[in-house]
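Engineer: Handing you this structure, nothing more for now.
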Amino acid sequence: METPVFMPVGTQATVKGVPQRDLEGELDAKIILANTYHLFLRPGHELIRSLGGLHRFMAWPRALLTDSGGFQVFSLSDLRKVTDQGVLFRSHLDGDAHLFTPESTVDVQLALGSDIMMVLDECIGYPASHEAANRAMRRTVDWARSAYHHYLRRKAETGSAAALFPIVQGSMFCDLRTECAGQLRELDAPGYAIGGLSVGEPRPLSLEMAELTAPLLPRDRPRYVMGVGMPEELAEYVARGVDMMDCVLPSRNARNGCLFTSEGRVLIKQARYRNDPAPVDPACQCYTCRTYSRAYLRHLFQAGEILFATLATLHNLKHYLDRMRQIRHAILLGTFQKHLDSLRRRAVE
10 METPVFMPVG TQATVKGVPQ RDLEGELDAK IILANTYHLF LRPGHELIRS
60 LGGLHRFMAW PRALLTDSGG FQVFSLSDLR KVTDQGVLFR SHLDGDAHLF
110 TPESTVDVQL ALGSDIMMVL DECIGYPASH EAANRAMRRT VDWARSAYHH
160 YLRRKAETGS AAALFPIVQG SMFCDLRTEC AGQLRELDAP GYAIGGLSVG
210 EPRPLSLEMA ELTAPLLPRD RPRYVMGVGM PEELAEYVAR GVDMMDCVLP
260 SRNARNGCLF TSEGRVLIKQ ARYRNDPAPV DPACQCYTCR TYSRAYLRHL
310 FQAGEILFAT LATLHNLKHY LDRMRQIRHA ILLGTFQKHL DSLRRRAVE
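Note that my numbering has the sequence shown beginning at 10, numbered continuously upward.
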């Protein structure tokens with residue numbers, strides 16, 4: 010896949026409301042994301058393995074990245090216990106107890122058969138004390154080492170071609186991020202992630218942490234910032250050296266009636282769109298904009314029709330993926346700085 014790239018989020022082995030046919034054909038997405046935690050609990054990684062792996066299970070022929078599930082586990086603050094060995098947690102579905110360890114999350118992802126796997130890390134919220142962030146960072150490094158050594162053994166046994174990315178943590182503390190990145194570089198991994206952002210911190214602080222951390226990671230390996238960002242932030246992360254991004258915003262906001270366009274956001278429930286015959290974005294060539302009016306989309310949204318979620322998500326994902334194509338094109342032409350300056354001017358107009 011070409012980078013920089015935005016990855017649509019398909020948590021439960023599906024991007025909500027969008028068939029794989031449209032992800033591949035209409036949107037030409039090269040890689041999507043699925044979540045280990047959710048697939049581990051339902052339908053189960055062994056079932057998916059028995060059916061030929063996640064690619065075959067969900068009929069997706071292109072690249073797949075799976076998160077380790079660490080972020081979801083740590084969001085279960087009342088249902089989990091963290092130790093140096095791993096995380097003991099109770100399922101949000103039925104309350105059953107499970108243990109995630111650095112090694113077991115690698116095994117689960119190998120069973121899923123994803124192309125890029127993530128190590129188990131300890132993600133903490135914002136704000137956090139330096140002491141708490143330091144403990145989580147050191148545990149993340151220890152887990153990454155255990156996971157990576159296990160991964161190398163399993164890779165030799167199975168012949169798997171999957172890549173495993175460690176994750177840089179350290180909350181919003183420069184010294185902790187720097188130390189974490191330095192220690193993880195010693196693993197000589199095929200790629201690296203920057204985690205612990207989009208956890209409640211101000212947006213400028215997210216960019217600051219990415220700007221600090223990305224240059225500390227190998228320039229010849231993909232650098233992935235997890236869980237970002239708003240449309241106008243994509244180019245800003247690229248400018249700081251980021252190659253890969255994912256975020257639920259385009260699909261979640263679509264289902265809630267917020268559509269991203271080249272002229273700003275369209276909140277489709279507003280009465281001014283009741284009889285508007287124009288497409289959501291005249292500059293967009295997605296199926297939704299080629300075919301339907303704002304008036305029709307508003308009608309679907311107000312009526313609670315399922316079709317709205319599909320059409321709106323198609324448009325928002327197209328908007329994100331088009332932005333990334335424009336960024337890649339500008340990089341190839343050597344005009345990225347000019348492109349970035351233009352985006353910044355438009356953002357303040």
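Quick reminder that beta carbons are idealized off the backbone N, C-alpha and C, glycines included.
Nothing here was measured: the structure is a model prediction, and the numbers come from that model.
So for Val-247, helix, strand or coil by DSSP?
Structural biologist: Correct three-state label for Val-247: helix.
Engineer: If you draw a straight line from the C-alpha of Glu-195 to the C-alpha of Leu-243, how long is it?
Structural biologist: Cα-Cα distance, rounded: 29 Å.
Engineer: Beta strand (DSSP E) containing Met-126: first to last residue?
Structural biologist: 125-127 is the span of the beta strand (DSSP E), which, as asked, contains Met-126.
Engineer: Assign Asp-31 to buried or exposed, taking buried as 16 or more other Cβ atoms, counted over all protein chains shown, within 10 Å of its Cβ.
Structural biologist: It counts as buried.
Engineer: Put Asn-44 into one of helix, strand or coil per three-state DSSP.
Structural biologist: Asn-44 falls in the strand class under three-state DSSP.
Engineer: Do you know offhand how far Phe-182's Cα is from Val-14's?
Structural biologist: Their Cα atoms are separated by approximately 27 Å.
Engineer: Taking Cβ positions, are Leu-185 and Gly-179 nearer each other than 9 Å?
Structural biologist: Against a cut-off of 9 Å, the Cβ pair of Gly-179 and Leu-185 comes out as a contact.
Engineer: Hey, how far is the Cα of Thr-270 from the Cα of Leu-330?
Structural biologist: Whole-angstrom Cα-Cα distance: 12 Å.
Engineer: For Arg-303, report the span of its beta strand (DSSP E) as first-last.
Structural biologist: Arg-303 -> not in any beta strand (DSSP E); alpha helix (DSSP H) instead, spanning 303-312.
Engineer: Distance, Cα to Cα, Pro-227 vs Met-254?
Structural biologist: Their backbone Cα atoms lie some 17 Å apart in a straight line.
Engineer: According to DSSP, simplified to helix, strand and coil, what is Gly-79?
Structural biologist: Reduced to three states, the DSSP call for Gly-79 is helix.
Engineer: Assuming Gly-95 contacts Phe-109 (C-beta within less than 8 Å), just tell me the rounded distance between them.
Structural biologist: At roughly 5 Å, the Cβ-Cβ gap stays under 8 Å, so Gly-95 and Phe-109 are in contact.
Engineer: So the beta strand (DSSP E) Val-14 belongs to, where does it begin and stop?
Structural biologist: 14-16 is the span of the beta strand (DSSP E), which, as asked, contains Val-14.
Engineer: Three-state secondary structure (DSSP) at Thr-344?
Structural biologist: DSSP places Thr-344 in coil when its eight states are reduced to three.
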